[in-house]
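Novice: So for the sequence shown, our numbering puts the first residue at 268; every next one is plus one.
Please find one structure pasted underneath; my questions will follow.
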Amino acid sequence: MPNDPQLEALKMPPHSMEAEQSVLGGLLLEDGAADRVEDILGADDFYSDAHRLVYKTIIGLIADNKPADVVTLSEALGSLNKLEYTGGMPYLGALVENVPTAANIRRYAEIVRERAILRRLAAAGGEIAESAYHPLGRSVREILDQAETKVFEIAEHGARGQQGFQEIRPLLTQVVERIEFLYNRDNPSDVTGVATGFTDLDRMTSGLQEGDLIVVAGRPSMGKTSLALNMGEHIALTLKMPVAIFSMEMGATQLAMRLMGSVGRLDQHKIRTGRLSNDDWERLSVALGRLNDAPIHIDETPALNSLELRARARRLSRQYGGKLGAIVVDYL
268 MPNDPQLEAL KMPPHSMEAE QSVLGGLLLE DGAADRVEDI LGADDFYSDA
318 HRLVYKTIIG LIADNKPADV VTLSEALGSL NKLEYTGGMP YLGALVENVP
368 TAANIRRYAE IVRERAILRR LAAAGGEIAE SAYHPLGRSV REILDQAETK
418 VFEIAEHGAR GQQGFQEIRP LLTQVVERIE FLYNRDNPSD VTGVATGFTD
468 LDRMTSGLQE GDLIVVAGRP SMGKTSLALN MGEHIALTLK MPVAIFSMEM
518 GATQLAMRLM GSVGRLDQHK IRTGRLSNDD WERLSVALGR LNDAPIHIDE
568 TPALNSLELR ARARRLSRQY GGKLGAIVVD YL
């Protein structure tokens with residue numbers, strides 16, 4: 268049977284009033300319970316506006332080293348003229364009475380957070396659909412980028428609390444397994460990561476390790492971009508691994524010109540002025556041949572934020588089966 272449009276319009280956003288009430292009741296039962304939920308739960312995660320206010324007030328009391336119980340909470344809400352709005356003393360008392368213990372408060376908080384993520388996804392889906400129906404002059408690529416950014420923002424926000432302290436025992440096991448793998452390799456080498464092409468640097472660092480964030484620091488015009496491009500050039504041309512280059516300062520054509528000069532061992536001034544000798548033209552031809560099939564991708568979009576950058580890098584990574592040799596960002 269087809270869905271009734273009127274019933275569809277009455278759909279309630281995902282939420283769990285019971286879980287929200289249980290979180291608030293647990294906080295009122297035990298001040299220390301806040302330590303178990305604050306890292307994963309924020310006031311905005313509550314569906315009920317009254318519950319948001321109650322949660323925020325409880326956390327405020329605890330932050331001020333004041334006890335948070337029904338009496339102190341009602342006093343704090345009363346001073347804001349919000350006691351009746353949140354249900355009054357009877358409702359606050361019921362929150363405590365309906366939760367015998369705060370032992371399961373972490374799980375209740377996770378439920379509240381999961382429902383909040385679903386609500387944000389639903390809202391983002393509506394905004395994405397609206398953008399598709401009404402582009403307002405935006406290109407399809409711009410709409411796709413905005414859609415990915417919205418979803419990644421939700422994912423980033425939703426990841427809060429999933430990481431925390433880890434016991435060292437399983438970490439030690441992983442380290443030993445990694446060492447054994449390196450020891451038993453058929454082709455032992457000092458470079459266990461991605462080689463940069465700079466022999467001394469690779470010997471000292473063992474190459475760029477997976478997941479590493481490498482910051483190239485230096486004063487203006489000291490060669491930071493050239494160094495990063497040389498590394499990317501080696502990874503793409505010698506190691507045959509895809510490289511993503513985000514250039515927020517220099518145009519893609521300028522970067523391509525630099526790469527051409529580097530690969531062909533050509534004077535950049537000669538390239539910019541077009542004053543090339545016959546030998547230079549031969550070198551240029553060789554450089555063009557090598558770079559033409561190189562897995563180098565340049566994005567010159569200015570002022571990308573971290574979420575947009577990650578979305579584009581992931582999209583490119585999927586084209587290569589989930590593997591990128593390096594991502595160069597010029598500049599941070």
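We put the beta carbon where it would ideally sit given N, CA and C, even for glycine.
Since the model is a prediction, treat every value here as computed from it, not as a measurement.
1) Residue range of the alpha helix (DSSP H) that Ala376 falls in?
2) When the Cα atoms are used, what is the spatial distance from Glu351 to Thr324?
3) Note down the Cα distance separating Asp298 from Tyr375, rounded to an integer number of angstroms.
4) Run through DSSP, which three-state label would Ile563 get?
5) Using a 10 Å radius around the Cβ and a threshold of 16 neighbouring Cβ atoms, would you call Gly528 buried or exposed?
6) Between the Cα of Glu415 and the Cα atoms of Ile435, Gly404 and Ala391, which residue gives the shortest distance?
7) Out of Val458, Asn545, Arg539 and Ile326, which one is the CA nearest neighbour of Asp302?
8) Going residue by residue through the region 274-337, where are the continuous alpha helix (DSSP H) segments of at least 4 residues, counting only ones entirely within it?
9) Give the straight-line distance between the Cα atoms of Thr440 and Leu449, rounded to the nearest whole angstrom.
10) Quick check on the DSSP output: what are the complete beta strand (DSSP E) runs of length 3 or more inside the region 400-488, in order along the chain?
11) Which residue wins for smallest C-alpha separation from Pro280, given the options Leu438, Ile384 and Ala399?
12) Please classify Met268: does DSSP put it in a helix, a strand, or coil?
13) Using a Cβ distance threshold of 8 Å, determine whether the region 312-322 contacts the region 284-293, with at least three qualifying pairs required.
14) Count the other CB atoms within 10 Å of the CB of Pro487; is the residue buried (16 or more) or exposed (fewer)?
15) Using 8 Å as the threshold, is the region 551-562 in touch with the region 519-535, meaning 3 or more CB pairs across them?
Specialist: By the coordinates alone:
1) Working through the sequence shown from its first residue, we reach residue 376 at position 109. Run containing Ala376: Ile372 to Tyr400, per the alpha helix (DSSP H) assignment.
2) Taking the first residue of the sequence shown as position 1, residue 351 is located at position 84. Taking the first residue of the sequence shown as position 1, residue 324 is located at position 57. About 14 Å.
3) Taking the sequence shown and counting its residues from 1, the one referred to as residue 298 is at position 31. Taking the sequence shown and counting its residues from 1, the one referred to as residue 375 is at position 108. Each residue's Cα considered, the two are about 16 Å apart.
4) For the purposes of this step, residue 563 is taken as residue 296 along the sequence shown, with counting starting at 1. In the structure shown, Ile563 sits in a strand (DSSP, three-state: E or B).
5) Taking the sequence shown and counting its residues from 1, one reaches residue 528 at position 261. By the 10 Å Cβ count, Gly528 comes out buried.
6) Here residue 415 corresponds to residue number 148 of the sequence shown, with the count starting at 1. Checking every option, the nearest Cα to that of Glu415 belongs to Ala391.
7) To locate residue 302, count along the sequence shown from 1; it is residue 35. Closest option to Asp302, Cα to Cα, is Ile326.
8) 284-296 and 316-330
9) Locating residue 440 in the sequence shown gives position 173, where the first residue counts as 1. Locating residue 449 in the sequence shown gives position 182, where the first residue counts as 1. Rounded to whole angstroms, Thr440 to Leu449 spans 14 Å at the Cα level.
10) none
11) Along the sequence shown, one-based indexing puts residue 280 at 13. Nearest of Leu438, Ile384 and Ala399 to Pro280, Cα basis: Ile384.
12) For the purposes of this step, residue 268 is taken as the residue at position 1 of the sequence shown. Only weak support is given to the placement of Met268: the predicted model assigns it a pLDDT of 45, under 50, and the value that follows is read from those uncertain coordinates. Coil at Met268, not helix or strand.
13) yes
14) Indexing the sequence shown from 1 puts residue 487 at position 220. With fewer than 16 other Cβ atoms within 10 Å, it is exposed.
15) yes
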